[in-house]
Amino acid sequence: MTSRERVLAVLHGELPDCVPCDPDISNMVPARLTGKPFWEIYLYQDPPLWMAYLDAVRYYGIDGGIENYHIHLTFDDPQSEWPWEERIVHYRHDGSRVTQLRHRETGQWHPRVTIYWRDNPPAGNVPPEKVGLPAVPTDSEPVVGVKQWPTNLELWKLARETQGELGPLGLWCGCSTLFVHNEDECVAYYDDPEPFRQRSRNALAMVEHRMEQIAGMEDRPDFLFCGASGSLIWQTPAMFRELGLPVLKRTTELAYDLGIPTHVHSCGPETELVRMAALETKLTIIDPLEIRPMGDCDLAELKRLYGHRIALKGNLHTTDTMLRGSVDDVVRASKAAIDAAGEGGGFILSTGDQCGRDTPDENLFAMVEVCRTYGSYA
Numbered sequence: 078m079t080s081r082e083r084v085l086a087v088l089h090g091e092l093p094d095c096v097p098c099d100p101d102i103s104n105m106v107p108a109r110l111t112g113k114p115f116w117e118i119y120l121y122q123d124p125p126l127w128m129a130y131l132d133a134v135r136y137y138g139i140d141g142g143i144e145n146y147h148i149h150l151t152f153d154d155p156q157s158e159w160p161w162e163e164r165i166v167h168y169r170h171d172g173s174r175v176t177q178l179r180h181r182e183t184g185q186w187h188p189r190v191t192i193y194w195r196d197n198p199p200a201g202n203v204p205p206e207k208v209g210l211p212a213v214p215t216d217s218e219p220v221v222g223v224k225q226w227p228t229n230l231e232l233w234k235l236a237r238e239t240q241g242e243l244g245p246l247g248l249w250c251g252c253s254t255l256f257v258h259n260e261d262e263c264v265a266y267y268d269d270p271e272p273f274r275q276r277s278r279n280a281l282a283m284v285e286h287r288m289e290q291i292a293g294m295e296d297r298p299d300f301l302f303c304g305a306s307g308s309l310i311w312q313t314p315a316m317f318r319e320l321g322l323p324v325l326k327r328t329t330e331l332a333y334d335l336g337i338p339t340h341v342h343s344c345g346p347e348t349e350l351v352r353m354a355a356l357e358t359k360l361t362i363i364d365p366l367e368i369r370p371m372g373d374c375d376l377a378e379l380k381r382l383y384g385h386r387i388a389l390k391g392n393l394h395t396t397d398t399m400l401r402g403s404v405d406d407v408v409r410a411s412k413a414a415i416d417a418a419g420e421g422g423g424f425i426l427s428t429g430d431q432c433g434r435d436t437p438d439e440n441l442f443a444m445v446e447v448c449r450t451y452g453s454y455a
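Written as structure tokens, this is what we have:
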């Protein structure tokens, strides 16, 4: 099987030739492999992150695709010019760029800045004073040299051609299931939940519209992204049930009617989310199923309880095993995960969230080798 065929087999409830191997290398590892300062990828789009990711998929030989969530389509919706211009307001000692948005009409500056680091993904929503900068810049310059790429359906066509059989190509369903984003909003919800309920109602309307657009695509996505990272960090299970679950249910129902599998990524505590998704929605697959202390998942128990209803993807520890562990550690953990959840299919070997920038190449190669040999269904 090709990598795309292998992952699609899992997404459609079929048995692949072996357990697919798809560690989460969505950002830092691909950017490192380019050999360029990270601002070249994130700010100047040279290459864009989705292309860097596909180069990494080829390099490691993994069954990619589910982490390639960087393709964004707005279809034929009327697009007015974005009212904000991103401008460079400071260069740090190592060349890292600090940018701030300025309103094109009013000249007003946004109250937060973004730092494009040399060797890490950008840090956004940073108060200027936190990095020693004034709220209103004394000097700035335009961002020049950003590489231009196709957009919308032309981008989709390019992504499909470029990704090929490296893995399935997914598309965002149009909304998130995360409606409480931080500590302040958590307090605000308990003071007055109605604004958050309105967010949920708005999301349902967005999903309905988005799914109509997806239904009309000549080349439909292989699956849909429809989750939110950290769904049960600032949202309790009860809050998610009220705000997020109705959106997830409707999204997965509409996708199911179109024959399109659906995927949720939600790092952090996830056991209760798996239960709700498996028993109350038509969700196809969920990850990353992190173990303690970052999560609360027991892979074998989730397989026993819900493996007949939902596919699982996870869950090697990204720091203890992947970043700091030896090849032997990775092999042992990979085999243990396959033993816990691989029987009968419905499982993709992955990591418990994104691999760190300095994850050794040999550890990623080891995961692939275990899947192709120990994880064979032949």
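Going by our numbering, the first residue of the sequence shown is number 78, and it counts up by one from there. In this text, a Cβ means the ideal position worked out from N, Cα and C, and glycines have one as well. All values derive from a computational prediction rather than experimental measurement.
Helix, strand or coil for residue 118, going by three-state DSSP, please let me know. Translated into the one-based positions of the sequence shown, residue 118 becomes position 41. Correct three-state label for residue 118: helix.
So what's residue 290 in DSSP terms, helix, strand or just coil? Position 213 of the sequence shown, counted from the start, is the residue given in the question as residue 290. Residue 290: helix per DSSP, three-state reduction.
Is it the case that the Cβ atoms of residue 160 and residue 181 are separated by a distance below 8 angstroms? For the purposes of this step, residue 160 is identified with residue 83 of the sequence shown, where counting begins at 1. For the purposes of this step, residue 181 is identified with residue 104 of the sequence shown, where counting begins at 1. Yes, the pair counts as a contact, with Cβ atoms nearer than the cut-off.
What span of residues does the alpha helix (DSSP H) with residue 442 cover, start to end? In the sequence shown, the residue the question calls residue 442 occupies position 365. Run containing residue 442: 438 to 450, per the alpha helix (DSSP H) assignment.
Alpha carbon of residue 420 to alpha carbon of residue 93, nearest angstrom: Here residue 420 corresponds to residue number 343 of the sequence shown, with the count starting at 1. Here residue 93 corresponds to residue number 16 of the sequence shown, with the count starting at 1. Between the alpha carbons of residue 420 and residue 93 lies a gap of roughly 12 angstroms.
As a quick exercise: from 417, 435, 81 and 415, pick the residue whose alpha carbon is nearest that of residue 244. In the sequence shown, residue 244 corresponds to position 167, counting from 1. If we check each option's Cα against that of residue 244, 81 comes out closest.
In angstroms with no decimal places, state the Cα-to-Cα distance between residue 133 and residue 117. Mapped onto the sequence shown, residue 133 falls at position 56. Mapped onto the sequence shown, residue 117 falls at position 40. C-alpha of residue 133 to C-alpha of residue 117: approximately 16 angstroms in a straight line.
Kindly list the residues whose CB is nearer than 8 angstroms to the CB of residue 266, restricted to its own chain and excluding five residues on each side of it in sequence; keep chain order. Stepping through the sequence shown from its first residue, residue 266 is reached at position 189. If we look at residue 266 and ignore the five residues flanking it on each side, its Cβ neighbours are 257, 273 and 316.
Cβ-Cβ distance between residue 387 and residue 354 below 8 angstroms: Numbered from its first residue, the sequence shown carries residue 387 at position 310. Numbered from its first residue, the sequence shown carries residue 354 at position 277. The criterion of a C-beta distance shorter than 8 angstroms is satisfied by residue 387 and residue 354.
Can you tell me whether residue 410 is buried or exposed, with buried defined as 16 or more other CB within 10 angstroms of its CB? Walking along the sequence shown from the start, residue 410 turns up at place 333. It is buried - the Cβ of residue 410 has at least 16 other Cβ atoms within 10 Å.
Consult DSSP for residue 412 and reduce its assignment to one of helix, strand or coil. Translated into positions along the sequence shown, residue 412 becomes position 335. Helix.
With C-beta atoms as the reference, is residue 226 less than 8 angstroms away from residue 149? Mapped onto the sequence shown, residue 226 falls at position 149. Mapped onto the sequence shown, residue 149 falls at position 72. Going by C-beta atoms, residue 226 is not nearer than 8 angstroms to residue 149.
Residue ranges of each alpha helix (DSSP H) within the segment 217 to 254, 4 or longer: Secondary structure remark: continuous alpha helix (DSSP H) runs of at least 4 residues inside the segment 217 to 254, in chain order: 229 to 240.
Here's a check: name, in chain order, each residue in its chain whose Cβ is nearer than 6 angstroms to the Cβ of residue 325, leaving out the five neighbours to either side. Counted from its first residue, the sequence shown places residue 325 at position 248. Closer than 6 angstroms at Cβ, skipping near neighbours: 254 and 358.
Specify, as a first and last residue, the run of the alpha helix (DSSP H) that residue 365 falls within. Here the question's residue 365 lines up with position 288 in the sequence shown. Careful: residue 365 lies outside any alpha helix (DSSP H) and carries neither H nor E.
Buried or exposed: which applies to residue 264, given that a residue is buried once 16 or more other Cβ atoms fall within 10 Å of its Cβ? Walking along the sequence shown from the start, residue 264 turns up at place 187. Residue burial annotation: residue 264 is exposed, with fewer than 16 other C-beta atoms found within 10 angstroms of its C-beta.
DSSP three-state assignment for residue 532, whether helix, strand or coil: Residue numbering for the chain in the displayed model covers 78 to 455; residue 532 lies beyond these limits and cannot be assessed.
Check the DSSP bridge columns for residue 424 and list the partner residues they point to. Taking the sequence shown and counting its residues from 1, one reaches residue 424 at position 347. The partner list for residue 424 (beta bridge, DSSP) reads 389.
Test item: CB-CB of residue 412 and residue 454 under 8 angstroms: Position 335 of the sequence shown, counting from 1, holds the residue named residue 412. Position 377 of the sequence shown, counting from 1, holds the residue named residue 454. No, they are not a contact pair.
Cα separation between residue 312 and residue 193? Here residue 312 refers to the residue found at position 235 of the sequence shown. Here residue 193 refers to the residue found at position 116 of the sequence shown. Approximately 29 angstroms, taken between the alpha carbons.
What residue from 203, 290 and 173 has the CA that sits closest to residue 230's CA? The count along the sequence shown starts at 1 and reaches residue 230 at position 153. For the set 203, 290 and 173, the Cα lying nearest the Cα of residue 230 is the one of 290.
Under a Cβ-count criterion, where at least 16 other Cβ atoms within 10 Å of its own Cβ denotes burial, should residue 380 be classed as buried or exposed? By one-based count along the sequence shown, residue 380 stands at place 303. Label assigned to residue 380: buried.
Around the Cβ of residue 141, are there at least 16 other Cβ atoms within 10 angstroms (buried) or fewer (exposed)? Your numbering for residue 141 matches position 64 in the sequence shown. Of the residues assessed, residue 141 falls on the buried side of the cut-off, its CB having 16 or more other CB atoms within 10 angstroms.
Judging by CA-CA distance, which residue of 197, 301 and 259 is the nearest neighbour of residue 435? Counting from one through the sequence shown, the residue named residue 435 turns up at place 358. Among 197, 301 and 259, the Cα nearest to that of residue 435 is on 197.
Suppose the cutoff is 7 angstroms on Cβ atoms and the five residues either side in sequence are ignored; what does the same chain contact list for residue 364 look like? Reading the sequence shown from its first residue, position 287 is the one you call residue 364. Excluding positions up to five away in sequence, the list reads 342, 390, 391 and 427.
Nearest neighbour of residue 360, chosen from 418, 327 and 442 [CA to CA]: Position 283 of the sequence shown, counted from the start, is the residue given in the question as residue 360. Nearest C-alpha to residue 360 among 418, 327 and 442: 327.
What three-state label does DSSP hand residue 205 in the structure shown? Within the sequence shown, numbered from 1, the residue matching residue 205 stands at position 128. In the three-state DSSP reduction, residue 205 falls in the helix class (H, G or I).
Quick one: Cα of residue 323 to Cα of residue 438, how far? Residue mapping note: residue 323 aligns to position 246 of the sequence shown, counting from 1. Residue mapping note: residue 438 aligns to position 361 of the sequence shown, counting from 1. Their backbone Cα atoms lie some 41 angstroms apart in a straight line.
For residue 211, I'd like the list of residues in its chain whose CB is within less than 7 angstroms of its CB, leaving aside the five on either flank, ordered along the chain. As a working mapping, residue 211 is identified with position 134 in the sequence shown. The beta carbon of residue 211 sits closer than 7 angstroms to those of 205, all from its chain and outside the five residues before and after it, given in chain order.
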